[in-house]
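**Student:** Please read through the structure below; I'll follow up with questions.
Number of protein chains: 2
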Amino acid sequence: MKGYYNGNLNDTKMDEVKLGKTKNTYIQWLVTRENNAPYAMRKFTIKPEGFIQMHYHDYVETLFILNGECKTYVDDDLLNLKKGDYIFIDTKHRHKIINTGKEDLEFICVIDYPDNMDIIPVDEE
Amino acid sequence: MKGYYNGNLNDTKMDEVKLGKTKNTYIQWLVTRENNAPYAMRKFTIKPEGFIQMHYHDYVETLFILNGECKTYVDDDLLNLKKGDYIFIDTKHRHKIINTGKEDLEFICVIDYPDNMDIIPVDEE
């Protein structure tokens, strides 16, 4: 068996993210456990005026911002993130991500694979 | 305890990679198991004429190319990679990475944490 798996963003399937009120958000799965990785690397694109609604899950995640700018809430904290910023969000901590710029917000997001992969949306006022 | 950890590339310590004949190569550790991640996200910079010599290890790795271009060898295969390309390299498969461009080669590299984290250099003719 070949010792590697490779691809390019332009050739990787892009799906719209469906999670509650989430808007203008797209995901590409680059590398997953199907490739024998114990983690998944995904690439997200949030168009202007788009956002991922508040939610939490058992898996941890690390975001690395490739392009654009956003507000990221984790629990009650607010962070303004831009290209070159990264953030690790620990298991079960609620978070949301809002594109605050005029460009696409693009980031890499690496997660692990705990037993429970459910995503729990959190309604806000 | 805070549910997140964050930083920026410009504020993250950069170390030269010392591995056999490896040249002009620098690593930054963005997120590690010390942050409660079961993986590590690192950022590599290989300057023009730089390369990482052939080697292998038990940990798997995924490269995501941010900038520049390179030749990557995995076992006896050669891949030409550029911005937007990604590659997963499975456990124990030997590989090397050569900056073939005039710009810095920059990539994200995500690894797991198997019991044995040793890096074994492979001498070539």
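These protein sequence lines map, in sequence, to chains V and Z.
Be aware that the first sequence starts at 1, since it is given in this note's numbering, and climbs by one per residue.
Be aware that the second sequence starts at 1001, since it is given in this note's numbering, and climbs by one per residue.
Even for Gly, the Cβ is constructed at its ideal location relative to N, Cα and C.
Here the structure is a predicted model, which means the values were calculated and not measured.
1) Give the secondary structure of V:R33 by DSSP, where H, G and I count as helix, E and B as strand, and everything else as coil.
2) Check the C-beta distance from Z:K1102 over to Z:P1048 and give it rounded, since I have them as a contact under 8 Å.
3) Is it right to say Z:M981 is buried, meaning 16 or more other beta carbons lie within 10 angstroms of its own, or is it exposed?
4) Enumerate in chain order the residues of its own chain whose CB-to-CB distance from Z:V1122 is below 7 Å, with the five nearest sequence positions on each side excluded.
5) Can you find the residues in the same chain that come closer than 7 Å, C-beta to C-beta, to Z:I1119, ignoring five residues on each side of it along the sequence?
6) Quick test of your reading: Z:I1027 and Z:I1097, contact by CB under 8 Å. State the CB separation rounded to the nearest angstrom.
7) Give a yes or no on contact between the segment 63 to 76 of chain V and the segment 103 to 113 of chain V, applying the rule of three or more CB pairs nearer than 8 Å.
8) Using only alpha-carbon positions, find the residue among Z:V1017, Z:R1042 and Z:N1067 that is nearest to Z:T1100.
9) Spell out whether any CB of chain V is found under 9 Å from the CB atom of Z:M1041.
10) What residue from V:E69, V:I87, V:T22 and V:K43 has the CA that sits closest to V:T12's CA?
11) Can a CB atom of chain Z be found closer than 9 Å to the CB of V:D115?
12) Report all residues from its chain with a CB closer than 6 Å to the CB of V:T91; omit the five preceding and five following residues, and keep chain order.
13) Would Z:T1045 pass as a contact of Z:D1104 if the rule is Cβ separation under 9 Å?
14) For a cutoff of 9 Å on Cβ pairs, would you count Z:G1084 as touching chain V?
15) For V:D118, go through chain Z and note every residue whose CB falls closer than 7 Å to its CB, in chain order.
16) Beta carbons nearer than 7 Å to chain Z: which residues of the segment 41 to 61 of chain V have them?
17) Where does the unbroken beta strand (DSSP E) through Z:M1041 begin, and where does it stop?
18) Kindly list, in the order they appear in chain Z, the residues whose Cβ is closer than 7 Å to that of V:L9.
19) In the DSSP assignment, find the beta strand (DSSP E) that holds V:K21 and state where it starts and stops.
**Tutor:** In terms of the structure at hand:
1) Looking at V:R33 - three-state DSSP - the assignment turns out to be helix.
2) Indeed, because the Cβ distance is near 6 Å, the residues count as touching under 8 Å.
3) Residue 981 of chain Z lies beyond the range of chain Z shown here (1001 to 1125); nothing can be said about it.
4) Only residues of its own chain outside the window of five on either side were considered, and among them M1054, H1055, Y1056 and R1094 have a CB closer than 7 Å to the CB of Z:V1122, listed in chain order.
5) Counting only Cβ-Cβ distances below 7 Å, and skipping sequence neighbours, we find L1019, H1055 and H1057.
6) Actually they are not in contact, since the Cβ atoms of Z:I1027 and Z:I1097 sit about 12 Å apart, beyond 8 Å.
7) With three or more CB-CB distances shorter than 8 Å, the segment 63 to 76 of chain V counts as touching the segment 103 to 113 of chain V.
8) Of all alpha-carbon atoms in Z:V1017, Z:R1042 and Z:N1067, the one lying nearest the alpha-carbon of Z:T1100 is that of Z:N1067.
9) It does; some Cβ of chain V falls within 9 Å.
10) Comparing Cα-Cα distances from V:T12 to each of V:E69, V:I87, V:T22 and V:K43, the minimum goes to V:K43.
11) At a cut-off of 9 Å between beta carbons, V:D115 makes no contact with chain Z.
12) These residues qualify, in order along the chain: D58 and V60.
13) Cβ distance < 9 Å, so Z:T1045 and Z:D1104 count as in contact.
14) By this cut-off, Z:G1084 is an interface position.
15) Under the 7 Å cutoff, chain Z gives no residues; its nearest Cβ is about 18 Å from V:D118.
16) Taking 7 Å as the Cβ-Cβ cut-off against chain Z, the residues of the segment 41 to 61 of chain V that qualify are M41 and V60.
17) First-last of the beta strand (DSSP E) with Z:M1041: Y1039 to H1057.
18) The answer, in chain order, is G1084.
19) Unbroken run through V:K21: none, as it is neither H nor E.
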